[in-house]
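The number in our numbering is simply the position in the sequence shown, starting from 1, with 33 added.
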Amino acid sequence: MKQDLKSKETQNIILNASFDLFYKNGYSATSIPDVMKKTSLSKGAFYHHFKNKHEIGVRVIDEIIKKRIFDGFINPLRNTDKNIPELLLYVFNDRIRNFSEKENSLGCPAINLIGEIGYTEQEFRIILRSLIEDWRKAIINAVNIGKSRNEIKNNINPSSVATTLICAYEGVRSLRKIYDDDKVYDEYIESIAIFIKNLSV
34 MKQDLKSKET
44 QNIILNASFD
54 LFYKNGYSAT
64 SIPDVMKKTS
74 LSKGAFYHHF
84 KNKHEIGVRV
94 IDEIIKKRIF
104 DGFINPLRNT
114 DKNIPELLLY
124 VFNDRIRNFS
134 EKENSLGCPA
144 INLIGEIGYT
154 EQEFRIILRS
164 LIEDWRKAII
174 NAVNIGKSRN
184 EIKNNINPSS
194 VATTLICAYE
204 GVRSLRKIYD
214 DDKVYDEYIE
224 SIAIFIKNLS
234 V
């Protein structure tokens, strides 16, 4: 039991260090020696837990990036006791002001990976697509509930709403990386507020 716990702790150290390096430098620019240097683990200790960088990448997406998206966006969208337009505003507008300067400079880890290797690494592509689909489904479900409660207009296409909100959010996170202030956030927030108002009854 103690050995299993120690093994899990070591894996978590490697995964968290790898996430930090992927986030800062990109997946392709990060090497196994970079991860070993950051963790101070020996080569033997490292390869005891992971065969290669690809295996680490899969685990980073599945255990760290996925958790960030679920905690920040998918699980809050399941709080459908709230008024749905207000819930959408909270998830897509209010929360965007909570990112650190580091997060503003580096952007969204998921969209960074999609942009870097979403096409070339098939296994990553499948996991990332599944994650985005989970996010889309949460929005679609919330919008359908809003329609059933007469909070969202009946002629609104929930799938289109999901695509628009995710693309706008991920787009502004990417744009913010090249600016030194939050003007693009201000304009995004204004536009999303108008968009959600136009969905509302």
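Every residue gets a Cβ at the ideal spot worked out from N, C-alpha and C, and that includes glycine. Note that this is a predicted model, so its numbers are computed, not measured.
{"Item": "Helix, strand or coil at Ile129 [DSSP, three-state]", "Value": "helix"}
{"Item": "Start-to-end residues for the alpha helix (DSSP H) that takes in Asn183", "Value": "Element bounds for Asn183: n/a, residue is neither H nor E."}
{"Item": "In DSSP terms, what Ser233 is bridged to", "Value": "Ile185"}
{"Item": "Whether Ile98 touches Pro142 by CB criterion (7 Å)", "Value": "yes"}
{"Item": "Distance CB(Thr113)-CB(Ala175) smaller than 7 Å", "Value": "yes"}
{"Item": "Thr63 vs Phe52 beta-carbon contact at 7 Å", "Value": "no"}
{"Item": "Chain-order list of residues whose beta-carbon lies under 6 Å from that of Phe125 (same chain, five-residue window excluded)", "Value": "Leu198, Tyr202, Ile225"}
{"Item": "Euclidean distance between Cα positions of Asn108 and Glu136", "Value": "21 Å"}
{"Item": "Burial state of Gly90, where buried means 16 or more other Cβ atoms lie within 10 Å", "Value": "buried"}
{"Item": "Among Glu156, Ile172, Ile160, Ile211, nearest to Ser192 - alpha-carbon criterion", "Value": "Ile172"}
{"Item": "Closer than 7 Å to chain D by CB, Lys170", "Value": "The displayed structure is made up of one protein chain only, and chain D is not part of it."}
{"Item": "7 Å Cβ shell around Asn116 - same chain, five flanking residues per side excluded", "Value": "Glu184"}
{"Item": "Own chain residues within Cβ distance below 8 Å of Leu48, not counting five before or after", "Value": "Ile89, Arg92, Val93, Glu96, Ile97"}
{"Item": "Cα-Cα separation between Arg101 and Ile178, rounded to whole angstroms", "Value": "25 Å"}
{"Item": "Where the alpha helix (DSSP H) containing Asn116 begins and where it ends", "Value": "Where Asn116 is concerned, there is no enclosing alpha helix (DSSP H), given that its DSSP letter is neither H nor E."}
{"Item": "Distance between Leu120 and Arg128 (C-alpha atoms, nearest Å)", "Value": "11 Å"}
{"Item": "Extent of the continuous alpha helix (DSSP H) run through Tyr236", "Value": "No information on residue 236 is available, as it lies outside the stretch 34 to 234 that the chain covers here."}
{"Item": "Proximity to Ile222 [Cα-Cα], best of Val205, Val234, Asp213, Asn45", "Value": "Val205"}
{"Item": "Alpha-carbon spacing of Arg158 relative to Ile227, whole angstroms", "Value": "33 Å"}
{"Item": "Check whether Leu232 and Ile189 have beta carbons under 7 Å apart", "Value": "yes"}
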